[in-house]
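Read the structure below first, then the notes.
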Amino acid sequence: MWTPGGDVVLADVEDDARRAAPSPADGRGDRGDVGAPGSREVLVVGGLAVSAAGAAAALLPLPGPVRLVLLLVFLCLGPGAAVVAHVAPRDRLVGWALTLTAGLNVSTGLSVLTLWTGTWAPRVLVVALAAASALSLVLAGRGGPHRPGPTPAPAADRPAHRRARSALLPLLVPLLALVAWRLSVRGVDETAVGPYGLLPELPPLYYLALVSVLVSAVVLLARAVVPRVAAWAHVVVLVLLVHGTVPLVLEQPQYSWTYKHVGVVEFVVTTGGLRPDVDIYHQWPAFFAVVAVLSDVSGLGVVGWAEWAPVFFNLVYAVLLAALVRVLRPGDGPMPWLAVLVFLCTSWVGQDYLAPQALALALLLGLQLVVLLTLRTRPRRPAPGAGRFLWLRAALVGADASAPVPVTGVRGRQRTTLAVAAVCAVFAVLVATHQLTPYIVILGVAGLVVLGLVRPRVLVVALVVIAAVYLVPRWGFLMDRFQLFSGFDLRANTESNVRGVGSEASRATSAVVRALSLTVWVAALAVVVAHRRRVQDVVVPAVLFLAPFALFLGQNYGGEGVFRVYLTGLPWASYLVALGALALGRRTRRGTVVRGVVLVALCLACLQGLYGQLAVNRVSTAEVEASRYLYAHAGPDAVLLLAAPMFPTRVSASYPDLLPLGRQADGGLMDTDELDGQVLDERALPEVERIVSRYGATRSYVVLSRSGQEYVRYFGLLPEGSLDALGRTLEDAPGWTTFYRNEDVTIFERVEDDR
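Going by the numbering used here, the letters in the sequence shown line up with residues 18 to 772, in that order.
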């Protein structure tokens with residue numbers, strides 16, 4: 018409840034957490050994590066199983082989809098279990114999150130290392146990594162059994178059949194919702210999706226499943242001790258409902274920019290190397306290296322499974338975020354699950370597709386988990402007369418509400434050294450994965466160090482050195498192609514990369530996502546303000562939530578800066594929003610109803626943000642076929658230009674042949690202002706030919722596509738019928754021929770005979 022002074026009173030929540038947390042005296046709690054018997058044994062046995070699965074996927078003639086799943090499970094968990102089993106965290110959820118972090122880190126790091134050293138052999142890498150993981154796990158198992166904690170007492174006050182029924186009932190709603198969701202998607206036609214996106218095309222059964230899961234989850238979280246299996250069931254089903262619907266509706270992965278990443282992966286698979294002079298992806302190749310391992314060993318092309326990347330990444334984010342909340346607020350209360358639900362219901366920016374930033378966010382959360390688990394400390398009281406600048410640190414003295422979860426077997430200075438080494442290892446892989454995310458990490462960690470919440474201070478120096486060592490050799494490349502500093506212009510740095518006045522539908526979707534983003538930000542800040550007299554309860558999530566906003570001071574990241582700021586701060590904004598929501602009387606019916614209604618509203622807004630422009634973002638099979646034909650048959654010294662964006666380019670390993678060096682993107686007629694707002698008929702032909710001639714290519718290809726038509730119409734970039742007029746003009750223009758045509762794409766070719 019709210020006090021007259023404006024502070025939030027969470028006495029009932031804190032009491033529930035204390036009652037739920039197991040103690041040596043009573044041994045209660047569903048958690049079963051702190052001091053859980055056999056946590057090392059679970060890691061050893063599970064790690065050996067997934068290591069065997071990884072070796073089987075690499076060596077046995079299994080079906081491609083089976084190999085892909087086995088490989089994915091092994092690369093995510095096998096190497097991680099081999100590392101984490103040696104320290105055996107007492108909290109099982111934290112242990113799995115650390116295992117996932119270490120697994121992704123080791124697999125990605127070794128994959129890109131083989132590219133850099135010229136030893137690319139994916140199958141050998143998988144087998145060797147499986148063998149090394151198995152050996153490490155055997156050695157960890159021989160180190161002695163994990164010291165058990167208190168054994169949870171059985172609930173003897175109820176008959177066994179009642180206990181079983183109580184455990185199964187919370188699973189009923191998500192299971193029924195899963196069935197309803199699968200049935201509801203069957204009749205959705207991707208070609209019928211209109212300007213307002215996917216939501217109007219979904220049947221009532223889908224919304225019934227969605228609302229049921231969210232309401233059931235809110236009711237479940239009203240318990241003092243939340244059943245973990247039931248909580249995860251709700252999370253998994255919600256991820257499928259939000260991110261698994263489009264893969265079932267569309268024939269091809271959505272987003273034309275997905276295919277730019279496909280081409281890089283195919284280049285790595287085909288050549289076993291990199292060309293750093295081609296584009297920025299070859300300069301930051303870690304993500305593409307590990308995806309290429311999956312594609313090569315499984316024998317499946319990336320396009321066949323890329324559409325399921327959002328489901329995978331959001332499940333990873335859910336595990337890591339739940340573990341982060343558990344570290345800051347130990348106990349079996351609802352905070353981890355509510356924070357995850359808020360995150361899933363507000364993550365609308367669509368950056369979780371098959372892309373480097375999706376993996377970078379997972380590594381960012383994993384790195385923050387290691388820092389908060391092992392290097393968090395109580396701030397030191399400033400000396401008398403230290404100055405007003407340290408008032409906040411003085412307020413944080415005694416910030417002991419959430420002590421780090423202990424890691425067994427490692428103590429004192431040795432623990433600090435190992436923790437710093439682990440953080441640096443994760444950061445090194447992150448630096449090779451994405452250009453922007455490492456600096457957001459540095460800002461967050463530096464903020465915690467300045468406030469005395471994390472030590473040692475040398476950690477910040479180490480992170481800066483690692484980032485600089487990687488950046489300096491690539492500085493010339495970046496300076497030739499990008500603007501690293503766009504000035505202290507907050508308005509320009511917060512603008513998106515979408516041009517045009519937009520249609521009514523685009524303006525409506527934009528209004529929804531802006532309102533959603535501002536709601537999340539304002540709610541998170543309101544919780545921080547409400548805790549101004551108990552700032553130690555929110556200072557860590559507040560620092561990590563606010564750190565990405567520093568990007569606005571000097572860079573708009575090609576118009577994507579605002580999306581990256583929202584994405585990287587969202588996990589911690591979700592933490593703060595969940596903390597505030599629990600203050601609304603978790604045990605009261607009114608509080609439960611309010612949380613349910615708010616979550617449903619947030620989720621619907623998120624879905625509109627994700628799929629409101631699906632008519633533009635969807636890529637048809639005909640467009641993919643046209644692109645593959647173009648890359649297979651285009652002549653040398655050629656250039657590809659798009660009449661309008663959204664055509665799936667770079668689908669082939671040969672994409673550098675149509676991407677002249679020095680350019681980071683495929684050319685487009687709309688990249689300049691000469692044709693802005695014009696009808697592209699015969700009067701515009703001289704200007705079109707001047708734009709084409711700028712690239713100095715012997716052969717030039719201009720692509721008109723269905724998705725380009727939708728893009729221009731949706732964002733109001735050209736008068737109606739402009740691209741149709743351009744098609745008629747190029748068909749009749751001298752020097753132009755029709756190179757390829759199908760129901761969705763027409764490609765025109767121009768050959769310069771005088772060269």
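All residues carry an ideal CB built from backbone N, CA and C; glycine is no exception. Predicted model, so just to flag it, every value in this text is computed and none were measured.
Rounded straight-line distance, which links the Cα of residue j to that of residue i
i    : j    : result
A525 : L219 : 18 Å
G166 : D108 : Note that G166 has pLDDT 45, beneath the 50 cutoff, so the model's placement of it is unreliable and no number is given.
V242 : G348 : 9 Å
V141 : R245 : 38 Å
V67  : L156 : 17 Å
G52  : V285 : Confidence in G52 is poor, its pLDDT being 38 and thus under 50, which makes the residue's placement unreliable; the coordinate value appears in the next sentence. Spanning the two alpha carbons is a distance of roughly 45 Å.
A540 : W365 : 17 Å
L692 : L376 : 38 Å
L627 : V530 : 9 Å
F732 : L631 : 13 Å
G685 : L495 : 22 Å
Q269 : L115 : 34 Å
R472 : L599 : 31 Å
T2   : L127 : With the chain covering only 18 through 772, there is no way to say anything about residue 2.
L587 : S312 : 31 Å
T763 : D497 : 33 Å
V61  : G158 : 6 Å
P191 : L146 : 37 Å
V777 : S56  : Absent from the model: residue 777. The displayed extent of the chain is 18 to 772, so no value can be given.
L317 : V256 : 24 Å
H278 : S669 : 10 Å
L568 : Y456 : 9 Å
E760 : L721 : 11 Å
T394 : A438 : 18 Å
A356 : G350 : 11 Å
C362 : A559 : 20 Å
CB contact flag (residue i, residue j, <8 Å)
i    : j    : result
T606 : L453 : It is Arg, not Thr, that sits at residue 606 in the sequence shown. Going by C-beta atoms, R606 is not nearer than 8 Å to L453.
V489 : P302 : no
V111 : T609 : no
S637 : R723 : yes
V295 : P673 : yes
A226 : A248 : no
L132 : L117 : no
N122 : A442 : yes
V823 : F305 : Outside the displayed span of the chain (18 to 772) sits residue 823, for which this structure offers no information.
W354 : A339 : yes
A151 : L65  : yes
F756 : Y712 : no
Y487 : V446 : no
D698 : T746 : yes
L378 : L584 : yes
V252 : A335 : yes
V476 : V307 : In the sequence as displayed, the identity of residue 476 is Leu instead of Val. No, the pair does not count as a contact, with Cβ atoms beyond the cut-off.
Member of the options whose CA lies at the smallest distance from the CA of residue i
i    : options                : result
L188 : L378, S273, A250       : A250
R730 : M663, R393, T763       : M663
A543 : Q553, V579, G597, R159 : G597
V359 : A449, L389, A618, T391 : A618
L89  : L338, W753, S315, L255 : S315
R84  : V448, D741, V310       : V310
W274 : W753, V448, V614, Q374 : Q374
A528 : Y213, G97, I297        : Y213
L624 : W538, W753, Y224       : Y224
L87  : P703, A73, Y583, T450  : A73
W137 : A649, G290, L392, L345 : G290
Identity of the residues DSSP links to residue i by a beta bridge
i    : result
R716 : A655, V768
R758 : T763
R292 : Looking at the DSSP assignment, R292 forms no beta bridge with any residue, so it has no partner.
W753 : R767
L535 : DSSP, once it has assigned bridges, lists no residue as partnering L535.
V477 : V477 pairs with nothing; no bridge assigned.
S722 : V762
G608 : Answer is none; G608 lacks a bridge partner.
V471 : R393
G685 : L659
Checklist line | At least three beta-carbon pairs within less than 8 Å, the segment 378-388 to the segment 634-650 | finding: The answer is no - the segment 634-650 does not touch the segment 378-388, with fewer than three Cβ pairs under 8 Å.
Check: Hey, is the segment 370-380 in contact with the segment 325-335, meaning 3+ C-beta pairs nearer than 8 Å?
Finding: yes
Notebook entry, point to check: Is the segment 195-204 in contact with the segment 261-281, if contact means three or more CB pairs nearer than 8 Å?
Noted result: yes
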